[in-house]
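Visitor: Chains V and P supply the protein sequences, listed in that same order. Residues 1 to 230, numbered by full-length UniProt numbering, are exactly what the first sequence covers, in order. Residues 1 to 230, numbered by full-length UniProt numbering, are exactly what the second sequence covers, in order. Beta carbons are placed, not taken as given, at the ideal position from N, Cα and C, and that holds for glycine.
Protein chains: 2
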Amino acid sequence: MPVVRLASDDPAWGNFEHGNCELEKMRLYTAKTIGRSAKAETSRNEILSAAANIMRRHGYAELTLRNVAAKVNMKAGSLYYHFSSKDELATEVMRIGVEAVERDVREALDQVSPIDSEQRLITAVHIHLNALLRSSEFVSSHIRCYPFVPDRVRFELREVRRRYDLLWLELIGEFINRPARGDEVIYIWHILVGALNQSLEWFNPNRHSIDDYARQIEIMLRQFRSQRPL
Amino acid sequence: MPVVRLASDDPAWGNFEHGNCELEKMRLYTAKTIGRSAKAETSRNEILSAAANIMRRHGYAELTLRNVAAKVNMKAGSLYYHFSSKDELATEVMRIGVEAVERDVREALDQVSPIDSEQRLITAVHIHLNALLRSSEFVSSHIRCYPFVPDRVRFELREVRRRYDLLWLELIGEFINRPARGDEVIYIWHILVGALNQSLEWFNPNRHSIDDYARQIEIMLRQFRSQRPL
DNA sequence: TATTATAACTAACACTTGTTAGATTAACAG
DNA sequence: CTGTTAATCTAACAAGTGTTAGTTATAATA
Numbered sequence: 001m002p003v004v005r006l007a008s009d010d011p012a013w014g015n016f017e018h019g020n021c022e023l024e025k026m027r028l029y030t031a032k033t034i035g036r037s038a039k040a041e042t043s044r045n046e047i048l049s050a051a052a053n054i055m056r057r058h059g060y061a062e063l064t065l066r067n068v069a070a071k072v073n074m075k076a077g078s079l080y081y082h083f084s085s086k087d088e089l090a091t092e093v094m095r096i097g098v099e100a101v102e103r104d105v106r107e108a109l110d111q112v113s114p115i116d117s118e119q120r121l122i123t124a125v126h127i128h129l130n131a132l133l134r135s136s137e138f139v140s141s142h143i144r145c146y147p148f149v150p151d152r153v154r155f156e157l158r159e160v161r162r163r164y165d166l167l168w169l170e171l172i173g174e175f176i177n178r179p180a181r182g183d184e185v186i187y188i189w190h191i192l193v194g195a196l197n198q199s200l201e202w203f204n205p206n207r208h209s210i211d212d213y214a215r216q217i218e219i220m221l222r223q224f225r226s227q228r229p230l
Numbered sequence: 001m002p003v004v005r006l007a008s009d010d011p012a013w014g015n016f017e018h019g020n021c022e023l024e025k026m027r028l029y030t031a032k033t034i035g036r037s038a039k040a041e042t043s044r045n046e047i048l049s050a051a052a053n054i055m056r057r058h059g060y061a062e063l064t065l066r067n068v069a070a071k072v073n074m075k076a077g078s079l080y081y082h083f084s085s086k087d088e089l090a091t092e093v094m095r096i097g098v099e100a101v102e103r104d105v106r107e108a109l110d111q112v113s114p115i116d117s118e119q120r121l122i123t124a125v126h127i128h129l130n131a132l133l134r135s136s137e138f139v140s141s142h143i144r145c146y147p148f149v150p151d152r153v154r155f156e157l158r159e160v161r162r163r164y165d166l167l168w169l170e171l172i173g174e175f176i177n178r179p180a181r182g183d184e185v186i187y188i189w190h191i192l193v194g195a196l197n198q199s200l201e202w203f204n205p206n207r208h209s210i211d212d213y214a215r216q217i218e219i220m221l222r223q224f225r226s227q228r229p230l
């Protein structure tokens, strides 16, 4: 019946399970494992994953400690053994998210020639989209919930976020041969980030292709370069 | 200190007042005024505006009946004289939003040659951006809160939203000379809508220019056409 | 096995939420 | 001025929130 099939038409919209990249999670989790027993570490990771899942699917408003606890067969109060507050839990989920996607992008860029600025930007687009839409609920929960999270949480995340933002500004600056902090680069950055991150609200893995979408974004990006002298 | 000034760095982020387009509001409100006294109508409109303001600035989770009531010097219970539920209030705010921006875009398109598909698309971009970032909190609250609103509210809005979506698909289809329902058009539509609507999260009227941003979007759009035969 | 630290539970707290019924005021008709 | 309708308030409700203190069960260590 719907002429255009919108994400919002799908009853299961937003309820897809992401591929379980357990290896990736492990790498992230263990990065900051200090003085925690194996069992505590496992529980903590389950809690983080459950929280990320709720945040990605239903938004920050639906992230309640009782919801999270139920997903890991615990009671709300038990979560305080692993996190000192709801804010800390949310911060940790989102911190894992940015750090994951930044690490993935940087690792992929290491395999690309430093002077091929077009291939570098395109690579970053692919990696970011895959993290967002396929591999990591930590990434998607961060992107989806950041604007609605309490001030304190946003404040805690400002440095990791800025690092990732600067990476993009530099990639774009190199690509269009302009200063990374000029208005031009910044506006293009906003266009690109908007196109990438809004996909969370419509992308349906059963109906859409990450690569197809990334290809259209590549086409768009080339225009910004072709408008300018090299 | 921040290298790149992000919206989230600004303490007043999201707290800008939109230009008071009272005339526009009147046109919208009165469109469905049936069997309501002048006083009731005024109160109802104040409630709608207050709700839209909260939704745009703080998101749907912060929209509480007590918050809204306080803004219009009422008590929470009094709102039930004008709306039968919180859902109905939210639905009405968002319905006004889509209908407003769709009407604005269509009226502007009436002034553009039907065969100048580039100018038509560019016009729509400008009108949409201005509604979103400057003139209407009903539009911005809709865009910002739609993904987080209860299912019932989204269901109520599906028709008005689809009408507006189809308008864009047709504009893009004409512009790149492709069927409005093909994958190509739909992906470009998602890119464009993402770039437009995400601006809600970073745009700061004291620091950015709507026209500058719209111009960058124009550059982007031309690439999609130039890639194809006419 | 006995002891101890770990990890979870119970049950409540103070508070906020949407919503409702009934009382109260304000505006207006006769 | 009187009576009636329209508009708002009061005060509570049941449900849900983050958080805490005290308790129990589990697991590791001696």
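For Arg-207/P, which of Leu-200/V, Asn-204/V, Ile-186/V, Pro-205/V has the nearest alpha-carbon?
Guide: Locating residue 207/P in the second sequence gives position 207, counting from the first residue. Nearest C-alpha to Arg-207/P: Ile-186/V.
Visitor: Step through the CB atoms of chain P and report whether any lies within less than 9 Å of the CB of Leu-132/V.
Guide: Locating residue 132/V in the first sequence gives position 132, counting from the first residue. False, the Cβ-Cβ gap to chain P never drops below 9 Å.
Visitor: Just by C-beta distance, which residues in the UniProt domain "HTH tetR-type" (41–101) of chain V are closer than 9 Å to chain P?
Guide: The residues in question are His-58, Gly-59, Tyr-60, Ala-61, Glu-62.
Visitor: Since Glu-201/V meets chain P, which of its residues come closer than 7 Å, beta carbon to beta carbon?
Guide: The sequence position of residue 201/V within the first sequence is 201, counting from 1. Residues of chain P passing the Cβ test: Pro-147.
Visitor: Is it true that the CB of Leu-196/P sits closer than 9 Å to the CB of residue 234/P?
Guide: This structure cannot settle anything about residue 234/P, because the visible part of chain P is limited to 1 through 230.
Visitor: Around the Cβ of Ile-115/P, are there at least 16 other Cβ atoms within 10 angstroms (buried) or fewer (exposed)?
Guide: As a first step, residue 115/P must be located in the second sequence, where it is residue number 115. Exposed.
Visitor: Give the range of the alpha helix (DSSP H) segment to which Arg-103/P is assigned.
Guide: As a working mapping, residue 103/P is identified with position 103 in the second sequence. 86–109 is the span of the alpha helix (DSSP H), which, as asked, contains Arg-103/P.
Visitor: Just to confirm before moving on: does the CB-CB distance between His-126/P and Ala-100/P stay below 9 Å?
Guide: Here the question's residue 126/P lines up with position 126 in the second sequence. Here the question's residue 100/P lines up with position 100 in the second sequence. Not a contact, by the Cβ cut-off of 9 Å.
Visitor: Answer with yes or no whether the minimum CB distance from Ile-127/V to chain P is below 9 Å.
Guide: For this step, residue 127/V is matched to residue 127 along the first sequence. No - not a single Cβ of chain P is within 9 Å of the one on Ile-127/V.
Visitor: If you compare alpha carbons, which of Val-149/V, Gln-119/V, Ile-54/V, Gly-97/V is closest to Val-160/V?
Guide: The sequence position of residue 160/V within the first sequence is 160, counting from 1. Closest option to Val-160/V, Cα to Cα, is Gly-97/V.
Visitor: Would you check if there are 3 or more beta carbon pairs closer than 8 Å linking the stretch 75–83 of chain P to the stretch 135–147 of chain P?
Guide: The stretch 75–83 of chain P vs the stretch 135–147 of chain P: no contact.
Visitor: When we look at the beta-carbon of Thr-91/P and count the other beta-carbons within 10 Å, is it buried (16 or more) or exposed?
Guide: Position 91 of the second sequence, counted from the first residue, corresponds to residue 91/P. With 16 or more other Cβ atoms within 10 Å, it is buried.
Visitor: By a C-beta neighbour count over all protein chains shown, 10 Å radius and 16 as the cutoff for buried, is Gly-35/V buried or exposed?
Guide: As a working mapping, residue 35/V is identified with position 35 in the first sequence. So Gly-35/V counts as exposed.
Visitor: Using C-beta distances below 6 Å, list every residue in its chain close to Asp-211/V, excluding the 5 sequence neighbours before and after it, in chain order.
Guide: By 1-based counting over the first sequence, the position of residue 211/V is 211. The answer is none, since no qualifying residue turns up.
Visitor: Can you give me the C-alpha to C-alpha distance between Met-26/P and Arg-56/P, rounded to a whole angstrom?
Guide: If you number the second sequence from 1, residue 26/P lands on position 26. If you number the second sequence from 1, residue 56/P lands on position 56. For Met-26/P, the predicted model reports a pLDDT of 46, less than 50, meaning its position is unreliable and no value from the coordinates is stated.
Visitor: Does the beta-carbon of Ser-37/P have 16 or more other beta-carbons within 10 angstroms, so that it is buried, or is it exposed?
Guide: For this step, residue 37/P is matched to residue 37 along the second sequence. Ser-37/P comes out exposed.
Visitor: Using a C-beta cutoff of 9 Å, does Asn-197/V count as contacting chain P?
Guide: Numbered from its first residue, the first sequence carries residue 197/V at position 197. By this cut-off, Asn-197/V is an interface position.
Visitor: Label Phe-224/V either buried or exposed according to how many other C-beta atoms from any shown protein chain fall within 10 Å of its C-beta, with 16 as the threshold for buried.
Guide: By 1-based counting over the first sequence, the position of residue 224/V is 224. With 16 or more other Cβ atoms within 10 Å, it is buried.
Visitor: Run through chain P and tell me which residues come within less than 8 Å of His-190/V, C-beta to C-beta.
Guide: Here residue 190/V refers to the residue found at position 190 of the first sequence. Here the neighbours are Ala-195, Gln-198, Ser-199, Trp-202, Tyr-213.
Visitor: How about Gln-216/V and Glu-184/P: are their beta carbons less than 9 Å apart?
Guide: Locating residue 216/V in the first sequence gives position 216, where the first residue counts as 1. Locating residue 184/P in the second sequence gives position 184, where the first residue counts as 1. Their beta carbons are under 9 Å apart, which means Gln-216/V touches Glu-184/P by this criterion.
Visitor: Going by beta-carbon coordinates alone, are Leu-192/V and Leu-221/V separated by less than 9 Å?
Guide: Your numbering for residue 192/V matches position 192 in the first sequence. Your numbering for residue 221/V matches position 221 in the first sequence. Yes, they are a contact pair.
Visitor: In chain V, which residues lie with their C-beta within 7 Å of the C-beta of Gln-216/P?
Guide: Reading the second sequence from its first residue, position 216 is the one you call residue 216/P. Chain V residues near Gln-216/P: Tyr-187, Ile-188, Ile-191.
Visitor: Put Met-74/V into one of helix, strand or coil per three-state DSSP.
Guide: For this step, residue 74/V is matched to residue 74 along the first sequence. Looking at Met-74/V - three-state DSSP - the assignment turns out to be coil, as it is neither helix nor strand.
Visitor: What number of angstroms, rounded off, separates the C-alpha of Arg-154/V from the C-alpha of Ser-85/V?
Guide: Start at 1 with the first residue of the first sequence, and residue 154/V comes out as number 154. Start at 1 with the first residue of the first sequence, and residue 85/V comes out as number 85. Going from the Cα of Arg-154/V to the Cα of Ser-85/V covers about 15 Å.
Visitor: Tell me whether Asn-53/V is buried or exposed, calling it buried when 16 or more other Cβ atoms sit within 10 Å of its Cβ.
Guide: In the first sequence, counting from the first residue as 1, residue 53/V sits at position 53. Classification of Asn-53/V: buried, given that the 10 Å Cβ count is 16 or more.
Visitor: Keeping to the same chain, check which residues put their C-beta closer than 7 Å to that of Leu-23/P; ignore five residues upstream and five downstream.
Guide: As a working mapping, residue 23/P is identified with position 23 in the second sequence. Residue confidence is low: Leu-23/P scores 38 on pLDDT, short of 50, so the model does not pin down where it sits. No coordinate-derived value is stated.
Visitor: Between which two residues does the alpha helix (DSSP H) carrying Ile-188/V extend?
Guide: As a position in the first sequence, residue 188/V is number 188, starting the count at 1. Looking at the DSSP string, the run of the alpha helix (DSSP H) that includes Ile-188/V is 183–197.
Visitor: With a Cβ-Cβ cutoff of 9 Å, do Val-72/V and Ser-113/V count as a contact?
Guide: Within the first sequence, residue 72/V is the residue found at index 72, counting from 1. Within the first sequence, residue 113/V is the residue found at index 113, counting from 1. No, the Cβ-Cβ distance between Val-72/V and Ser-113/V is not below 9 Å.
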